[in-house]
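Down below is the structure, laid out as structure tokens.
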Amino acid sequence: MFRLSRTVRVSLQKTCRLSRFVSSQTSSTPEEPTPRTTSFGFRTVPEESKETLVKEVFDSVASKYDLMNDATSFGVHRLWKDSYVSSLKPGRKGPLRCIDVAGGTGDIALRILDYARENYADRETTVAIVDINAQMLKEGYRRFKKTMYHNTPQISFHEANAQELPAEVFPDNTFDLYTIAFGIRNCTSIPDVLKEAHRVLKPGGTFACLEFSRVNNPLLSTLYDQYSFTMIPLLGTILAGDRNSYQYLVESIRKFPPQLEFARMIRDSGFITGEDIDGGAWEDMWGGIACVHKGVKL
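Residue 273 in our numbering sits at position 245 of the sequence shown, with consecutive numbering throughout.
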């Protein structure tokens with residue numbers, strides 16, 4: 029039988045011991061944590077990058093935001109917003125303390141104050157406008173300078189993150205109504221936004237979100253997709269000189285959760301909603317192109 033020499037055997041033993049040592053050291057080395065990611069339109073990006081990317085989009089579109097909304101929706105967004113605010117009936121049960129998040133341009137806040145004044149002679153309802161983007165807030169401030177509410181206690185502007193509202197400015201159990209229109213899909217963590225909404229609302233307070241949603245009719249969905257992905261970026265190029273920002277906005281709509289999933293997210297944050305049907309937990313507008321979701325804090 030073939031036998032290894034003593035020198036070779038000793039060498040092999042040392043090699044095996046070294047191999048086991050290296051293997052042991054390798055297995056004990058902690059693995060690098062997997063970076064958390066989120067969507068930015070159809071792109072997947074690190075979570076910590078999305079806030080900056082979204083800020084760049086809205087810095088770019090702020091001055092043309094209302095013009096582009098009118099052009100891309102043929103003015104229909106105004107009807108949606110009117111219906112949204114009317115459904116909330118601000119002022120009907122007396123003055124409200126409201127917070128309008130991602131509301132930089134002020135169009136929802138102005139509708140709330142006008143509705144309360146015109147329908148219920150309410151000049152005491154207040155709205156705190158919150159936006160993470162300073163350029164959007166500047167547009168809202170400019171709009172309110174033309175109104176009777178300018179320099180009154182009824183309106184205030186705050187630069188803050190919807191996911192982490194500063195507790196010293198927005199304490200727990202403070203507001204009667206929390207609104208967010210066409211903004212929550214741009215946030216990095218929707219559950220964090222919903223938890224903050226629940227925190228700052230009083231018991232019995234209402235969370236109301238107007239957002240683009242899922243079109244259920246196949247024909248309408250196909251037509252809507254064709255229009256969105258061809259005309260909206262083109263109009264962004266022509267009217268605002270910025271195709272990429274409007275391409276992102278279209279893509280972000282498609283990445284937002286459908287009605288049922290978002291309703292469940294609202295309940296998971298502690299709110300009570302209606303039944304999971306159109307007219308219950310949510311109300312579709314124009315076949316689901318836009319949708320209003322509501323929840324109540326117990």
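The beta-carbon is built from N, C-alpha and C at its ideal position, and this holds for glycine as well.
So, are the CB atoms of residue i and residue j less than 9 Å apart?
i    : j    : result
L326 : T234 : no
A162 : E187 : yes
A195 : I208 : no
D159 : E192 : no
F86  : G132 : yes
T216 : E79  : yes
G218 : M164 : Rather than Gly, the amino acid found at residue 218 in this sequence is Ile. No, the pair does not count as a contact, with Cβ atoms beyond the cut-off.
Find the nearest neighbour of residue i within the set the options, judged by alpha-carbon distance.
i    : options                   : result
M259 : N97, T72, L81 and T216    : N97
W310 : R295, Q287 and I300       : Q287
L229 : L248, Y206, A236 and V85  : Y206
G298 : G308, L222, D312 and F203 : L222
S280 : D253, G103, A149 and G119 : D253
G264 : D94, T202 and K83         : D94
S114 : L238, A99, T66 and E167   : L238
G168 : P285, V197, G134 and R145 : G134
I136 : F70, G211 and S249        : G211
F68  : F257, K283, D142 and T250 : K283
A236 : L277, E289 and G323       : G323
P285 : R271, H321 and L141       : H321
T62  : F70, I140 and E75         : E75
F102 : S256, D204, Y276 and V197 : S256
Specify, as a first and last residue, the run of the alpha helix (DSSP H) that residue i falls within.
i    : result
T258 : P246 to L263
I136 : D135 to Y148
R271 : R271 to K283
F240 : Run containing F240: none in the alpha helix (DSSP H); it sits in the beta strand (DSSP E), L229 to F240.
T100 : Y93 to S101
With a CB to CB cut of under 6 Å and the five nearest residues on each side skipped, what residues in its chain are close to residue i?
i    : result
A318 : W108 and F240
N147 : none
W314 : none
Please return the same chain residues whose Cβ sits closer than 8 Å to the Cβ of residue i, not counting the five positions on each side in sequence.
i    : result
L138 : R171, F172, T175 and Y177
T331 : No information on residue 331 is available, as it lies outside the stretch 29 to 326 that the chain covers here.
K83  : I160 and N161
N189 : E79 and I160
N244 : D312, G315 and G316
Going by DSSP, name the residue or residues bridged to residue i.
i    : result
S184 : A156
W310 : D306 and H321
C327 : A query on residue 327 cannot be resolved here, the shown segment of the chain reaching from 29 to 326 and no further.
F299 : K325
V73  : T66
Just to confirm my understanding: we take residue i, look at its own chain, exclude 5 residues before and 5 after, and list those with CB closer than 7 Å. What are they?
i    : result
R227 : D200
D306 : D312
F49  : Low local confidence applies: a pLDDT of 43 at F49 is under 50, so the model's placement there is unreliable, with the coordinate-based value given in what follows. There are no such residues.
L248 : G315
L267 : K92, L95, M96 and A99
Hey, quick one: how far does the beta strand (DSSP E) through residue i stretch, first residue to last?
i    : result
S67  : T65 to F68
R295 : Unbroken run through R295 is the alpha helix (DSSP H), Q287 to D296; no beta strand (DSSP E).
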